[in-house]
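Enquirer:
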Amino acid sequence: MLPTTLTVFRARTIVRSRITVSFPHYNLQSGYQTASKNMPKDPNHVADAQRQRQKIKERNNKYAPAKVTLQVLGTGAEGAPRSLYIFSDQSRYLFNCGEGTQRLAHEHKAKLAKLEHVFITQASWKNMGGLPGTALTIQDVGVPEITLHGPTGLEELFRATRRFVVMKNMRVKMAECQEGHDFEDNVMTVKYVPLLRVPTITEHDSLEVESEMDKVTQAGSSIATMSVGTTTRDSRKRRRSSSCASSLRTSSAYEDDTDYYSHESKRRRSRSCTASGKRVVDTTVITESMKKVLLEQKKRGTVMCYVCRLKARPGTLNLGKCVQLNIPAGPKLGDLKNGKSITLSDGTVITPEQVCEPEEPGPIFIFVDVPTEEYLDALIASEAINQHKQLTAVEDNLAYLVVHFTPWDIVQHPRYQSWIDTFSPSTHHIFINEKNTCMGSIAVHRIQYKLNLLNKDFFPLLGDRGTERQLKSSSPAVKTDEDLTTETNFDYPNTSCGTTEHIIREKYASYIQPGTFYNFHLRPRTGKDSTSEIKLVPSEYIDETFALDGFCDEVQKLRIEILNKCKHMTIRPYPKILFLGTGSCIPNKTRNTSGIMLFTNEESNILIDCGEGTYGQTIRFFGDKRALKVVANTDAIYISHLHADHHIGLIGYLQGRRRARSLLGLPEKPCYLLAPKQIQSWLGFYDLCFEDICRDYQLVANGDLLLDNELIDAEEKADICKALHLTSVNTCMVKHCPNAFGVAFKHENGFKLTYSGDTMPSENLIQLGMDSDLLIHEATMEDELASEAVVKMHSTTSQAIRVGQRMNARNILLTHFSQRYAKLPRFNKNFAENVGIAFDNMMLAADELPLLPLLYPSLMIMFADHYEDMEFKAMKRAKREERKKSL
28 MLPTTLTVFR ARTIVRSRIT VSFPHYNLQS GYQTASKNMP KDPNHVADAQ
78 RQRQKIKERN NKYAPAKVTL QVLGTGAEGA PRSLYIFSDQ SRYLFNCGEG
128 TQRLAHEHKA KLAKLEHVFI TQASWKNMGG LPGTALTIQD VGVPEITLHG
178 PTGLEELFRA TRRFVVMKNM RVKMAECQEG HDFEDNVMTV KYVPLLRVPT
228 ITEHDSLEVE SEMDKVTQAG SSIATMSVGT TTRDSRKRRR SSSCASSLRT
278 SSAYEDDTDY YSHESKRRRS RSCTASGKRV VDTTVITESM KKVLLEQKKR
328 GTVMCYVCRL KARPGTLNLG KCVQLNIPAG PKLGDLKNGK SITLSDGTVI
378 TPEQVCEPEE PGPIFIFVDV PTEEYLDALI ASEAINQHKQ LTAVEDNLAY
428 LVVHFTPWDI VQHPRYQSWI DTFSPSTHHI FINEKNTCMG SIAVHRIQYK
478 LNLLNKDFFP LLGDRGTERQ LKSSSPAVKT DEDLTTETNF DYPNTSCGTT
528 EHIIREKYAS YIQPGTFYNF HLRPRTGKDS TSEIKLVPSE YIDETFALDG
578 FCDEVQKLRI EILNKCKHMT IRPYPKILFL GTGSCIPNKT RNTSGIMLFT
628 NEESNILIDC GEGTYGQTIR FFGDKRALKV VANTDAIYIS HLHADHHIGL
678 IGYLQGRRRA RSLLGLPEKP CYLLAPKQIQ SWLGFYDLCF EDICRDYQLV
728 ANGDLLLDNE LIDAEEKADI CKALHLTSVN TCMVKHCPNA FGVAFKHENG
778 FKLTYSGDTM PSENLIQLGM DSDLLIHEAT MEDELASEAV VKMHSTTSQA
828 IRVGQRMNAR NILLTHFSQR YAKLPRFNKN FAENVGIAFD NMMLAADELP
878 LLPLLYPSLM IMFADHYEDM EFKAMKRAKR EERKKSL
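Each residue of the sequence shown is one higher than the one before, counting from 28 in the working numbering.
(1) Would residue 928 be called buried (16 or more neighbouring beta carbons within 10 Å of its own) or exposed?
(2) Any heavy atom of the ligand ATP within a distance shorter than 7 Å of the CB on residue 537?
(3) In chain order, what residues of the same chain lie with their CB nearer than 6 Å to the CB of residue 728, ignoring the 5 residues before and after it?
(4) Which partner residues does residue 725 have in the DSSP bridge list?
(5) Over the uninterrupted beta strand (DSSP E) stretch that includes residue 832, give me the two end residues.
(6) Can you give me the C-alpha to C-alpha distance between residue 906 and residue 897, rounded to a whole angstrom?
(7) With DSSP run on the structure shown, which of helix, strand or coil describes residue 622?
(8) What does the Cβ neighbour count give for residue 269, buried or exposed, with the cut at 16 atoms within 10 Å?
(9) For residue 4, does the count of other Cβ atoms within 10 angstroms reach 16, so buried, or fall short, so exposed?
(10) Can you tell me the Cα-Cα spacing of residue 159 and residue 357, whole angstroms?
(11) Please name the residue in 783, 171, 809, 629 whose C-alpha comes closest to that of residue 797.
(12) Compute the Euclidean distance between the alpha carbons of residue 283 and residue 677, then round it to the nearest angstrom.
(13) Check residue 674 in the structure and name its three-state DSSP category.
(14) Suppose only complete runs of 3+ residues qualify. What are the beta strand (DSSP E) ranges in the region 401-473, listed by chain order?
(15) Would you mind reading off the limits of the alpha helix (DSSP H) that contains residue 757?
(16) In its own chain, which residues sit with a C-beta less than 7 Å from the C-beta of residue 778, not counting the 5 before and 5 after it?
(17) Going residue by residue through the region 90-158, where are the continuous alpha helix (DSSP H) segments of at least 4 residues, counting only ones entirely within it?
(18) For the region 567-581 and the region 474-483, state whether three or more C-beta atom pairs, one from each stretch, are separated by less than 8 Å.
(19) Which runs of the beta strand (DSSP E) spanning at least 3 residues fall entirely within the region 535-622, listed in chain order?
(20) Using the Cα positions of residue 890 and residue 899, report the straight-line distance between them to the nearest angstrom.
(21) Less than 8 Å between the CB atoms is what I'm expecting for residue 768 and residue 668, so what's the real figure, rounded?
(22) May I ask you to verify whether the region 403-420 touches the region 437-449, counting CB pairs closer than 8 Å and requiring at least 3?
(23) If we require 3 or more residues per run, which beta strand (DSSP E) segments fall completely within the region 341-410?
(24) Out of 692, 98, 139, 91, point me to the one whose CA is closest to residue 544's CA.
(25) Could you name the residues of the same chain whose beta carbon sits closer than 6 Å to that of residue 752, not counting the 5 residues immediately before and after it, in chain order?
(26) Which residues in the same chain as residue 221 place their Cβ atom closer than 6 Å to its Cβ, once the five residues preceding and following it in sequence are excluded?
(27) Which of the three DSSP states is assigned to residue 196 in this structure?
(28) Give me the Cβ distance between residue 918 and residue 178, rounded to the nearest whole Å; I'm assuming they're in contact under 8 Å.
(29) Going straight from the alpha carbon of residue 759 to that of residue 610, what length do you get?
(30) If residue 140 and residue 199 are in contact, beta carbons under 8 Å, what's the gap, nearest whole angstrom?
(31) Check whether the Cβ atoms of residue 176 and residue 144 lie closer than 8 Å to each other.
(32) Just tell me which of 829, 428, 878 has its CA closest to the CA of residue 590.
(33) So residue 881 and residue 864 are in contact, right, with Cβ under 8 Å, and what is the actual spacing, rounded?
(34) Looking at the unbroken alpha helix (DSSP H) that takes in residue 894, where does it start and where does it end?
(35) Within 10 Å of its beta-carbon, does residue 351 have 16 or more other beta-carbons around it, so buried, or fewer, so exposed?
(36) Give the DSSP bridge partners of residue 637, in chain order.
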């Protein structure tokens, strides 16, 4: 039954020029409830796009572009990606691709369709964590091939993620990034400049590498043996008791050949998989010899810098000179413009130099990354970079711009400062590191300001204060203590000399600490351009919401209803639930991929699923300082299944947690990782070949926590529950991809929360969650798309609600909405008084759950245009279906 607060709203009809939508019954005319049975996209759209791209590329490759701009996409602020975009009218290049790049590119409409080259400075998650998601995005727009540039073995990231990042239509290849093997195209040349922590691997180091590989092989064999069903509880307990056992540091611990997307396409399943769900193609594995190469690379710690130069642009044709020399109009002018000499009818030879202006030399710009002091010697000694400093004899060789990915503590190092001083005073310096504050999103703040009008507790204004705010779109920026510009937000080195301090402050003020969409024009060489940097205009977001017809009255009713209902409620502070991501598959402007934080008390929380950007969402919600404690206090992370949108953010979150504990002076302590055991194939490989992370977690297999077949030692489980302030935690298998689980947590105060993960309606989940206080269930599709939900093995809204009703759940919260429901799902008659809708950055105490349905009328007004669009699309689908039936 619908909540009583909708009674007044039932008669409300929104009339638009193209359609009339009546909200009361939440459906269209009779017969429109039939689901569309054939929803797949045109399978030829990628191939067609690729052919069109190739034609355009061949046409444009004949000349150097007239305009080239460097654009900041991710500033490197804490929780934001490090990513720079260079674009011309012909080509696109990405320098570093941190986690969250895909979402910023989507929001700001950065056109990735021409992106073919990605340059990575260091094989670390902060530089390459966004590669998997970005690759999937550019694959969908028809990019046939992408080339990675950077340290050796970078492409193995895609081999390791091939089970959950499926590259069907795009090839990923690795450039040969050696000194002397420059990259060159019609836009620019790029010189590779590797910086080594040590110049060579000594014989002693080689023996250490071999010894480490021996340990890895032995550990893999050992764990593979222990992972079978006959494993004893004592052996599992011993295996988990070490927070960073060497046995976990191997990708062969659980060799995983599962196809996690076999359920989505019959065509792909018949071509690629057996009935057991195992892939029979693309079974290439990382060989032991390649692991050794990667391990050596990790020990070397190679960082790649890049010296780039735009191609010289031919001078323009001077038509006045052509007239003076009696050159006739026609193709001869084109030949001269293209650099060819011509012969006139009287035998006179005309060279291009006689009639063309001097060519425009290309500016030089350099990308530098010095992660620790250990690389300073190599940087300072680099002749490839030194030849572009102020002492160079050729003015055209002076660096026009240096982009520093170097961390701020190294930037302040005296040797680094001295190195910067050796550049010409005309050289510009852009810094992309954690000292920046802009996290890059307008849309996240925009919707939060709107939702905050409904309830300031459920939707608090975000703690991220790093983006400049304006009172009005036409008013000058208003700066507060929390909105300091980057020029005044530096930690200056201590000095006892006032004059020296003044010089240092003046120097730092000249450094460019950009925001998202800061532009630097390389051709024409006009330099700095901050006019496009993003800014927030809160008054605009609030005013446009209050201008909606009926909104003020509805909000006033809402506040009265909440006050009246709260008089009869006892609200305990914990447990508390924060939604960090409520969308499915890929992030969009307003809904990130899956992530939920369950606060069990003030000092402990459990992260439930961890899609890309979850760490950044946490920083954005709490602000960088408050978030330190929250992230440091994450005692467990639960991963429901191994689709990328539920776990690709795990590495970034674990690294952020380690950093937070270090900054707060807390000892290193692994968190519990409750996940399918197959996740170790990915994490172990990453730990072995790129960065140490296995010491940050203690794996507890979801399969050992099954309600009907619990394998975990009772004493060990008791220890886990005590640490997490729970009395029980159990899982069940659900109907989605292989190794997909649901989970139920019971808090020490008796509150029971069940989380579905991704699933079709599941009897196992109903049994697991019986008598839950809260069911958080995926509701990916609207009811009319039930057939598509079956194909993708997801649930519709009504199916999710019925699951909650059958398990006798007191409250039901819907999440994991398809990106077509960016703001609201489509309502139906099953939305009852105990059903709520999850939004990103929504936080509430468990006892406040009954208040959520009161928000429906206000939400319907706030997002009326969006809802009308959904209704219009639903009506078109229904009409198409009726036409098919009539044929």
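We put the beta carbon where it would ideally sit given N, CA and C, even for glycine.
Predicted, not measured: the structure shown is a model, and the values here were computed from it.
Expert: Let me lay it out:
(1) Past the boundaries of the shown model lies residue 928; the chain is included only from 28 to 914, so the question cannot be answered.
(2) The ligand ATP is absent from the structure shown, which contains no ligands of any kind.
(3) 704
(4) 699
(5) From DSSP, residue 832 is part of no beta strand (DSSP E) but of the alpha helix (DSSP H) over 824-833.
(6) 14 Å
(7) strand
(8) Summary for residue 269: the model assigns pLDDT 43, below 50, so the residue's position carries little reliability; its value from the coordinates is reported in the next sentence. Result: exposed.
(9) This structure leaves residue 4 out entirely; the chain is present only between 28 and 914.
(10) 50 Å
(11) 783
(12) 18 Å
(13) helix
(14) 426-431, 455-458
(15) Premise fails: residue 757 lies in the beta strand (DSSP E), 753-760, not in any alpha helix (DSSP H).
(16) 602, 800, 873
(17) 128-134, 152-155
(18) yes
(19) 546-550, 554-556, 603-608
(20) 14 Å
(21) 7 Å
(22) yes
(23) 391-395
(24) 98
(25) 627, 628, 631, 775
(26) 329, 331
(27) coil
(28) Summary: the structure shown does not reach residue 918, with the chain confined to residues 28 through 914, and so no result is reported for it.
(29) 23 Å
(30) About 17 Å; that fails the 8 Å criterion.
(31) yes
(32) 878
(33) With 8 Å as the limit, residue 881 and residue 864 do not qualify as a contact, their Cβ atoms being about 12 Å apart.
(34) 891-913
(35) exposed
(36) 622
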